[in-house]
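**Student:** Got a structure for you, written out below as structure tokens; questions coming shortly.
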């Protein structure tokens with residue numbers, strides 16, 4: 001096993017212009033060789049997630065393919081989306097005009113609509129596979145965020161880690 005920052009699928013705090021984004025600085029912890037998100041409080045004294053609104057925290061993570069083959073990338077978590085949270089991305093390299101409604105991973109058209117959940121990503125081309133981002137060797141998926149809606153189930157969300165998965169074919173996800 002490797003630290004998250006050294007693994008084949010590298011997970012690091014998001015950056016813009018060579019510096020960590022404010023949200024990555026505030027909510028991402030990289031101690032102990034793993035990446036974790038801590039949204040229980042802020043330096044300004046605020047705590048938790050609003051139960052009566054959609055809370056969006058963008059620009060927190062980047063995923064880089066440090067391997068030698070291209071891979072489809074997504075995540076799973078027992079509480080997503082039923083725990084009222086999900087991860088998304090805003091990387092323009094993987095989004096097309098109009099929000100990516102014409103995304104078709106199997107055809108090499110990586111206009112993803114921002115969804116990363118393996119279990120709930122749409123299948124726009126009807127091929128039976130989720131429309132996930134494909135990262136070639138050295139490619140990065142930047143500007144990954146998280147949103148919470150309704151009344152997020154904090155205990156269900158924090159009970160299990162978010163698992164990022166990468167595979168050369170959908171059959172292996």
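Numbering (UniProt numbering), first residue to last: 1 to 173.
Think of the CB as a built atom: it goes at the ideal place given N, C-alpha and C, for glycine as much as any other residue.
Treat the numbers as computed from the prediction; the structure is a model and nothing was measured.
1) Could you give the residue range of the alpha helix (DSSP H) that holds residue 117?
2) Please identify the residue among 40, 22, 27, 18 whose C-alpha is closest to the C-alpha of residue 155.
3) Can you give me the C-alpha to C-alpha distance between residue 30 and residue 136, rounded to a whole angstrom?
4) Between residue 64 and the rest of its own chain, which residues show a CB-CB distance below 6 angstroms, the 5 nearest in sequence each way excluded?
5) Roughly how many angstroms separate the alpha carbons of residue 123 and residue 145, rounded to a whole number?
6) To the nearest angstrom, report how far apart residue 70 and residue 168 are at their CA atoms.
7) Taking all protein chains shown into account, decide if residue 19 is buried (16 or more other Cβ within 10 angstroms of its Cβ) or exposed.
8) What's the gap between the Cα of residue 28 and the Cα of residue 89?
9) Roughly how many whole angstroms lie between the Cα atoms of residue 50 and residue 13?
10) Measuring only the C-alpha atoms, how far is residue 172 from residue 149?
11) So, using beta-carbon positions, are residue 53 and residue 147 closer together than 8 angstroms?
12) Going straight from the alpha carbon of residue 56 to that of residue 127, what length do you get?
13) For the stretch 11 to 46, list the alpha helix (DSSP H) runs that are entirely contained and at least 4 residues long, ordered along the chain.
14) Whose C-alpha, out of 164, 132, 162, 143, is nearest the C-alpha of residue 16?
**Tutor:** So, to answer that:
1) It is not in any alpha helix (DSSP H) - residue 117 carries neither H nor E in the DSSP assignment.
2) Of 40, 22, 27, 18, the residue nearest in Cα terms is 40.
3) Taking the straight line from one Cα to the other gives about 25 angstroms.
4) 10, 140
5) Their backbone Cα atoms lie some 22 angstroms apart in a straight line.
6) 6 angstroms
7) exposed
8) Cα to Cα, the separation comes out at about 16 angstroms.
9) 24 angstroms
10) 30 angstroms
11) no
12) 31 angstroms
13) 22 to 27
14) 143
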